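Protein chains in written order, with the numbering used here: chain A, 1 to 294; chain B, 1001 to 1389.
A virtual CB, placed ideally from N, CA and C, is assigned to each residue, including glycine.
On a predicted model such as this, the values are computed, not experimentally measured, just so you know.
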Amino acid sequence: MTPRLRRALVLALPAAWMLLFFAAPFAIVLSIGFAEPAEGIPPYAPLLRRGEDGALQLQLNMANLQLLLEDPFYAEAALRSLRVAAVSATLCLLVGYPMALAIARAPEGWRNTLLMLVVLPFWTSFLLRVTAWIGLLQDQGWINGALLALGLIEDPLRLLYTDLAMYLGITYCYLPFMVLPLYASLSRLDPALLEAAADLGARPWRGFLAVTLPLSLPGVVAGYLLVFIPAVGEFVIPELLGGPGAQLIGRVLWTEFFQNRDWPLASALAVVLLLLLVLPIALFQSRATRDAER
Amino acid sequence: MSAAPGTAIPARSRRFDEPWRDPAAEPFLRIEGVTKRFGGFAALDGIDLSIYRGEFFALLGGSGSGKSTLLRILAGLERPDAGRVVLDGQDMAGVPAHARPVNMMFQSYALFPHMTVAQNIAFGLRMDGVPRAAARERVAEMLALVRMEGFEARRPAALSGGQRARIALARALAKRPKLLLLDEPLSALDKNLRESMQFELQSIQERTGTTFVIVTHDQEEAMTMATRLGVMDRGTLAQVGTPGEVYELPNSRFTAEFLGTANILDGVVETTGPAGTRIGSAEFDMAILSDAPAPKPPGSRVYVALRPERLRIDRVDAAEARHGENRLAGRVRDIAYFGDFFMYHVELDGGRVLRVSQPNLRRITERPVDWDDQVVVTWDGQASLVLPE
């Protein structure tokens, strides 16, 4: 076996994986996005059809894209989702950074245990954990019960079905995705660097800002993206904990697919959403790679 | 700890007027009873040491001897469990690392990888709020001092090991510290570079007049650079003195063997006095003579340390074999060739092996003493170092 052939074989497996589970489904979704809705199963017309003259014709329906761009409903839902994702990722960062820093600076023997504790919630069902928050937050829930018992409030606070509950839920569920990459970059930091900063006159806080924070930025970016990207399309948590107010893009997608059975519109929406997320990140990544090479 | 009075060593420091010999001189840095424990282990056990202004002091010791811990206590990165450190009249207790007029050159250099060379050197000045223009001027001055002009915009990753060492030194000196600490500063460099950097460190120290305290496990580094050195052993100072004193007049078997090479014989003091000492040995059928008085009274067991370069080796039949106050016969078992000298391993009649070094004055082919030759090892009383057991 020549080395070239061997290399090709090694690359073939991930390539086949990507083709089968990413490229092909994406192509299908993309093609549905350009189809016309129709009654029946599946609920859209094929792209390739015989015309009146019997010749094969490719008919791209741009109406879906046009509707997405023209009806502010979709743009608003997308913007709202981006904002929710940004706020959630920021909350995760604010909570996760001190956690990751504490774990990275914990005695060697403790670190693996602490990391285990961060990942531990994953061992129970995601739905169960979100539902558990309902038990905590509802009017007769544990939090209100405790506050009432302590006499701090006289009437139960409205906690469940609010933005607060939604942010709590998202931050709680996605926190490990923030802590793990942050820990990875913080634990690689040479402790002598911080000592050198202190030796040169930096108070602890300035040493953190001048040395620890900038050197952990790759971890911050990785963690932020790992939370932000799935949070944009998050459907379950806002649905179970969030308020009845304005819709998020995940909910809109669900409605278009399952309630309106408008597969072409839903597909177009999915593709636009994907591009909205992927393009800025790809740009950022290529810039970061160029910076790192320099 | 230092050499006994009256035993003056000719090798005086050329660069320094030896303030430690003046009882009235005020030490610049006083370390008093400093103790540090990690768990049950005493890393430092009651260290007392005075260091004078402008000194280049070396803390020499093996790993685990506590030398790095002492340096970190001086920097304020570690807190002593007992004792105190007084620098230029100011008690350093409770002064955190960032507020001490002390800077350190770290073993790994600890240059900030995300900053340029100029930003690294200016870091301490920035923390002190030095105006930008003044800081830039100081950075240029420091780069000139370490001969690294033109490297301002480079990142540490784009520098060689020697260049990194220079930048680390420049950064540590930029704030004009009262005390500069160097933690094994040259251990990452190869031999030739290390030697040239040793001279450079010395010359920079002389030009800036800063008091240097260097930690090293490399005895050659300590001997060539330091005005004085302290040999550390398991958390204590085994001996403090000029390189000449510590090498020529070690006060213990540990120092004699740690600094340079020493053959150790044992014996019992028979007579001792200002005129010299006679040591009886059950192992050899002769008494070992020394010029110096013994540290212990007659009847005590002692060690005699012999430096390989102070011993002479001659074939039994050579005329020179009759010289010397001390004579031991043996056979050459091994010759190690070092280029500039030979190290002979001579098996004495009793079975003990003595190491004797000879400068390489002639070509190998004309070596006067060869493998398996019957030889006589001779030395003068001056070369017998009598050490307490």
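Between T1277(B) and P1293(B), the CB-CB gap stays under 8 Å. L1181(B) has its alpha-carbon roughly 31 Å from the corresponding atom of I103(A). With contacts defined by Cβ atoms closer than 8 Å, M1232(B) and K1067(B) form a contacting pair.
Unbroken beta strand (DSSP E) runs of no fewer than 3 residues, entirely contained in the region 1325-1375 of chain B, are found at 1326-1337, 1341-1348 and 1353-1359, following chain order. The region 172-184 of chain A makes contact with the region 88-102 of chain A: 3 or more CB pairs, one atom from each, lie closer than 8 Å. L1259(B) is bridged by DSSP to nothing; it lacks a bridge partner. Excluding five sequence positions before and after A266(A), the CB atoms of its chain that fall closer than 7 Å to its own CB belong to L253, E256 and F257, given in chain order. When beta bridges are read from the DSSP output, E70(A) appears opposite no residue. Counting only the Cα atoms, F1106(B) lies some 16 Å from R1194(B). By the Cβ test, the region 1048-1062 of chain B is in contact with the region 1199-1211 of chain B, since at least three Cβ pairs between them sit closer than 8 Å. Using beta-carbon distances, G109(A) does not count as an interface residue toward chain B, since no partner is under 8 Å. Boundaries for R50(A): no alpha helix (DSSP H) harbours it, while the beta strand (DSSP E) harbouring it runs L48 to R50, taken from the DSSP string. At a cut-off of 8 Å between C-beta atoms, G1124(B) counts as an interface residue with respect to chain A. With a cutoff of 8 Å on beta-carbon distance, G201(A) and D1088(B) are scored as not near each other. For the C-beta of P214(A), the chain B residues within less than 7 Å are, from N- to C-terminus, H1114. Between L1348(B) and G1324(B), the C-beta spacing is not below 8 Å.
By the criterion of at least three beta-carbon pairs nearer than 8 Å, the region 202-214 of chain A is not in contact with the region 115-126 of chain A. Legend: CB atoms of the region 182-201 of chain A lying less than 8 Å from CB atoms of chain B belong to residues D190, A192, L193, E195, A196, A197, A198, D199, L200 and G201.
Assignment of beta-bridge partners to W1379(B) by DSSP yields N1326(B). With 16 or more other CB atoms across the displayed protein chains lying within 10 angstroms of its CB, P1177(B) is buried.
Taking a beta-carbon distance threshold of 8 Å, V211(A) counts as an interface residue toward chain B. Contact check between the region 266-278 of chain A and the region 27-36 of chain A: three or more CB pairs, one atom from each, fall below 8 Å, which counts as touching. Contact between the region 66-81 of chain A and the region 148-157 of chain A is absent: fewer than three C-beta pairs spanning the two stretches fall below 8 Å.
Per DSSP, the continuous beta strand (DSSP E) segment holding N1103(B) begins and ends at V1102 to M1105. DSSP places Q1163(B) inside the alpha helix (DSSP H), whose first and last residues are G1161 to L1173. Taking the Cα positions, I1073(B) is about 54 Å away from P1368(B).
Think of a sphere of 9 Å around the beta carbon of D1373(B): no beta carbon from chain A falls inside it, the nearest being about 54 Å out. Residue state for V1034(B) is assigned as strand, using DSSP reduced to three classes. In summary, F1123(B) is buried, with 16 or more beta-carbon neighbours lying within 10 Å of its beta-carbon over all protein chains present.
In this structure, A1118(B) keeps its C-beta atom at 8 Å or more from the C-beta atom of V1095(B). Closest option to D1091(B), judged by alpha-carbon separation, among M1148(B), L1070(B), I1121(B) and F1028(B): F1028(B).
If you check each beta-carbon in the region 1327-1338 of chain B against every beta-carbon of chain A, none falls closer than 8 Å. Taking a contact as a CB-CB distance under 8 Å, the pair V1246(B) and T1255(B) counts as one, their CB atoms being some 6 Å apart.
In the structure shown, the three-state DSSP call for L159(A) is coil.
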